[in-house]
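Numbers in this note's numbering are just positions in the sequence shown, counted from 1, shifted up by 2. We put the CB at the ideal spot given by N, CA and C, even for glycine. Beneath this line is the structure, given in structure tokens, with notes to follow.
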Amino acid sequence: MLLGFQTELHPNKQQKTLLAKHAGVARHAWNWGLWLTRNILNHNHHNPDSKLKFPTAIDLHKLLVAMVKPKNCWYYEVSKCAPSYALRYLSLAWKRCFNKVSGQPKFKKKARDDSFTLDGSITVGFNRIKLPRIGWIKTYEILPGNVTPKSVTISTRS
């Protein structure tokens, strides 16, 4: 059973733009979620009588759809998976912090280890992979056959 596979992509100019947009939306969702969760923790620290519930990844995504997406129309240009997975990973980062496995999550900067995760209708061809909203992207090497990935994580560095 193949658990993971790493390869280098060879996107054209249009695909590079779409990949950068996906990474930007994921980074924005992460930073917005981190800002909101830090404000909730700060409020709970200063107001022990009226504590707010710490949001889960699902709660953060519902708030993102209600509050952020209507104001930022560029969220609709990319796959819905990019911000969803970013908030899921943020929730895991806070869980690791609360369990004292790691420190607090940090804000992400542009073009520094940009990454995002997609799932859904992902198809692997001979030397290319089809991603939702992006299309077929060539790879530098031949991909294993008879593989149907459940999700892919695209990053600037492998």
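Taking the alpha-carbon positions, what's the residue i to residue j distance?
i    : j    : result
K108 : L36  : 8 Å
F56  : I42  : 7 Å
K97  : R114 : 24 Å
F59  : S93  : It is worth fixing the name first, because residue 59 is Ala in this sequence and not Phe. So the two alpha carbons sit approximately 6 Å from each other.
L54  : T119 : 30 Å
Quick check on residue i: buried or exposed, where buried means 16 or more other Cβ atoms within 10 Å of its Cβ?
i   : result
C99 : exposed
H24 : buried
T39 : buried
H63 : buried
From which residue to which residue does the alpha helix (DSSP H) around residue i run?
i   : result
I42 : K15 to H48
R90 : C83 to F100
K64 : A59 to L65
Which one of the options has the shortest CA to CA distance from residue i?
i    : options                   : result
W138 : I124, K102, T150 and I144 : I124
Would you kindly report the start and end of the unbroken beta strand (DSSP E) that includes residue i?
i    : result
H120 : The sequence given here places Leu at residue 120; His does not occur at that position. Unbroken beta strand (DSSP E) run through L120: S117 to D121.
Is it a yes or a no for the stretch 46-62 touching the stretch 73-82, going by three-plus beta-carbon pairs under 8 Å? The answer is no - the stretch 73-82 does not touch the stretch 46-62, with fewer than three Cβ pairs under 8 Å.
Would the stretch 64-73 and the stretch 7-19 be scored as touching if the rule is three or more Cβ pairs under 8 Å? no
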